[in-house]
Amino acid sequence: MTASSSHGHSSTQAMPWRAAPAGALKGDVRVPGDKSMSHRSLLLGALTVGRTTVSGLLESDDVLATAGAVNAMGAQAVDKGDGNWEIDGVGIGGLAEPQQALDFGNAGTGSRLMMGVVAGHPITATFIGDASLSRRPMRRITDPLSLMGATFAGPQGGTLPITVTGAQPPLPITYTLPVASAQVKSAVLLAGLSAPGQTTVLEPVRTRDHTENMLRAFGCEVAVEEGPHGIHAVRVTGECELTPTHVDVPADPSSAAFPLVAALLIDGSDVVARDVMVNPLRAGLFTTLKEMGADITFENERESGGEPVADIRARFSALEGVEVPPERAASMIDEYPVLAVAASFATGKTVMRGLEELRVKESDRISATVAMLEACGAQVEELEDGMIVTGIGGAIPGGGHVQTGLDHRIAMSGLVAGLAAKSAVTIDDAAMIATSFPAFRDLMVGLGAQISPTNN
């Protein structure tokens, strides 16, 4: 698979799939590498002088788009097979102007982080993406990068396509995040690598810290201090030299969520997901499921690639509804659709608030999740900032047809619902599952799931 392999599914035929109630799911799986870390390993590898090696890279459409962009700017990211990659970097400030637009497909993380990188280089690059990415807000990235001296040209609404001209050199700034976003924080820190002096991001709510962890692994000085009112200051000292390293990418907790939740909902199931990253800023789903009474255990806990990892075992469980603390949202923002499925099988109400960020994901993920649950016969109420699911203490009816809205997490969550419901659930299109979890169907079928393409 090359980094330039085509991505985006706008022209292809829709791929409807059907998930039918299955027997117990059993087995051991290794879900794909973490998406956040895969993007960052390519970007930081490109900014070192020398060769960085990566194992366990997620070879999904989104990550391959980032690899393609890195290659378009003069670094070399080469696929050595089986998730092993070599990146020959050009050093901070060494990226060349790309000859053509950088096409990020559906990759929100890749496009936003790369804007930070380009903002710190004296070059101009145009960013484009698919229909879904072209609707997503970019002003949250362009606003702080403009303060650092980068300039942006594009639609007034602050969406792709956007042409970025980097600053020479960027100004170090102190920036308070208006929304909890690891992508905004990371874009500012990445631009700050080229700035003389210290660039500081103030976080009222902690967000995933993979950029900080990985910068340290590459030899850059990053300080994190807790200040008054729980605000964290994250500081990077610019003009550092990144040292090539080896990155071992652990399994993605957001992908592991699907087989593990399915195991909790299907009688007799016992599934182990290996090598999963359990960074506390990413593990909110597992905390919440345990509060609901899920039989979930972390085994063989250890560290890999600067991140805590564990093998996670999930067995069939009777779940109880809970109130999820809104401040936990940042640590499980991508898992709410599949949590909502689990909540529909639980006894009583599960209240999820503080999820405004979901309105601007691949789809309006709150509305899409509510529509998915309603299609499956579950009881759910939509809130401005979340939802309330009233579970029935057992299998939901199922039988519905889910509109995925080109959102991979809605697609996979709908299929999990179908495996555990009383009757089969179909989804209108499975093509975009490849943006994060290309082998999803094969892996689930290997555990005993019934998921098949359908022509109706």
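Following the UniProt record's numbering, the numbering of the sequence shown begins with 1 at its first residue and continues without gaps.
For glycine and all other residues, C-beta sits at the position ideal for the given N, C-alpha and C.
Beta-carbon separation of residue i and residue j under 8 Å?
i, j, result
"Asp88", "Arg40", "no"
"Ala424", "Ala411", "no"
"Glu291", "Val322", "yes"
"Met387", "Val360", "no"
"Thr142", "Gly158", "yes"
"Pro169", "Ala150", "no"
"Gly448", "Ala24", "yes"
"Asn106", "Asp130", "yes"
"Ile396", "Ser344", "yes"
"Ala251", "Arg30", "yes"
"Ala257", "Glu203", "no"
"Gly83", "Glu59", "yes"
"Phe298", "Ala263", "no"
"Ala310", "Val271", "no"
"Arg140", "Val179", "yes"
"Leu373", "Ile312", "no"
When you compare each of the options to residue i by their alpha carbons, which one comes out closest?
i, options, result
"Leu57", "Glu86, Ala72, Leu319, Ile451", "Glu86"
"residue 465", "Met444, Gly405, Thr390, Ile427", "No information on residue 465 is available, as it lies outside the stretch 1 to 456 that the chain covers here."
"Arg206", "Pro196, Arg328, Gly116", "Arg328"
"Ala153", "Met115, Ser363, Asp130, Ser186", "Met115"
"Glu382", "Leu355, Ile451, Arg274, Ala69", "Leu355"
"Val402", "Ser367, Met352, Val188, Val184", "Ser367"
"Asp34", "His210, Ala191, Gly94", "His210"
"Leu171", "Arg139, Gly91, Leu190, Leu160", "Leu190"
"Ala125", "Gly81, Gly94, Glu225, Ala69", "Ala69"
"Pro280", "Ser269, Ala273, Pro253", "Pro253"
"Gly284", "Val338, Thr237, Ala318", "Val338"
"Val389", "Val341, Pro122, Met214, Lys26", "Val341"
"Gly192", "Thr237, Glu221, Val416", "Thr237"
"Ala187", "Ser132, Arg235, Val445", "Arg235"
Look up residue i in the DSSP assignment and say whether it is helix, strand or coil.
i, result
"Arg18", "strand"
"Thr454", "coil"
"Met138", "coil"
"Asn71", "helix"
"Gly158", "coil"
"Ile427", "strand"
"Glu225", "strand"
"His7", "Low confidence applies here, because His7 scores a pLDDT of 39, under 50, leaving its location unreliable and the question unanswered by this model."
"His121", "coil"
"Lys290", "helix"
"Met1", "In this prediction, Met1 has a pLDDT of 39, which is less than 50 and means its spatial position is unreliable; nothing more can be read from the coordinates."
"Arg441", "helix"
"Met432", "helix"
"Gly105", "coil"
"Ala375", "helix"
"Leu281", "coil"
"Phe218", "coil"
"Cys398", "The question names Cys, yet the displayed sequence has Gly at residue 398. DSSP places Gly398 in strand when its eight states are reduced to three."
Does the Cβ of residue i have 16 or more other Cβ atoms within 10 Å, making it buried, or fewer, making it exposed?
i, result
"His7", "Unreliable placement is indicated for His7, whose pLDDT of 39 sits below 50; the coordinate value is still reported in the next sentence. Buried: at least 16 other Cβ atoms inside 10 Å."
"Asp442", "exposed"
"Ser4", "Per-residue confidence for Ser4 stands at a pLDDT of 38, beneath the threshold of 50, marking its modelled position as unreliable; the derived number appears in the next sentence. Answer is exposed; the Cβ neighbour count stays below 16."
"Glu303", "exposed"
"Thr174", "exposed"
"Val54", "buried"
"Leu64", "buried"
"Gln13", "exposed"
"Ala223", "exposed"
"Ser452", "exposed"
"Phe437", "buried"
"Thr199", "buried"
"Pro155", "exposed"
"Lys422", "exposed"
"Asp62", "buried"
"Gly230", "exposed"
"Glu212", "buried"
"Arg216", "exposed"
"Val247", "buried"
Who pairs with residue i in a beta bridge, going by DSSP?
i, result
"Arg313", "Val272, Thr297"
"Asp28", "Val272"
"Ala187", "BP columns for Ala187 are empty, so no partner."
"Pro259", "Note: Pro259 sits in no beta bridge, so no partner."
"His246", "Thr53"
"Leu383", "Gly386"
"Ile128", "Asp103"
"Ser210", "The displayed chain sequence assigns His, not Ser, to residue 210. Partner(s): none; His210 has no beta bridge."
"Phe152", "Val164"
"Ser304", "Glu307"
"Arg112", "Beta-bridge pairing links Arg112 to no other residue."
"Leu415", "BP columns for Leu415 are empty, so no partner."
"Ala77", "Ile87"
Would you please verify whether the beta carbon of residue i is less than 8 Å from any beta carbon of chain E?
i, result
"Arg208", "Included in the structure is just one protein chain, with no chain E present."
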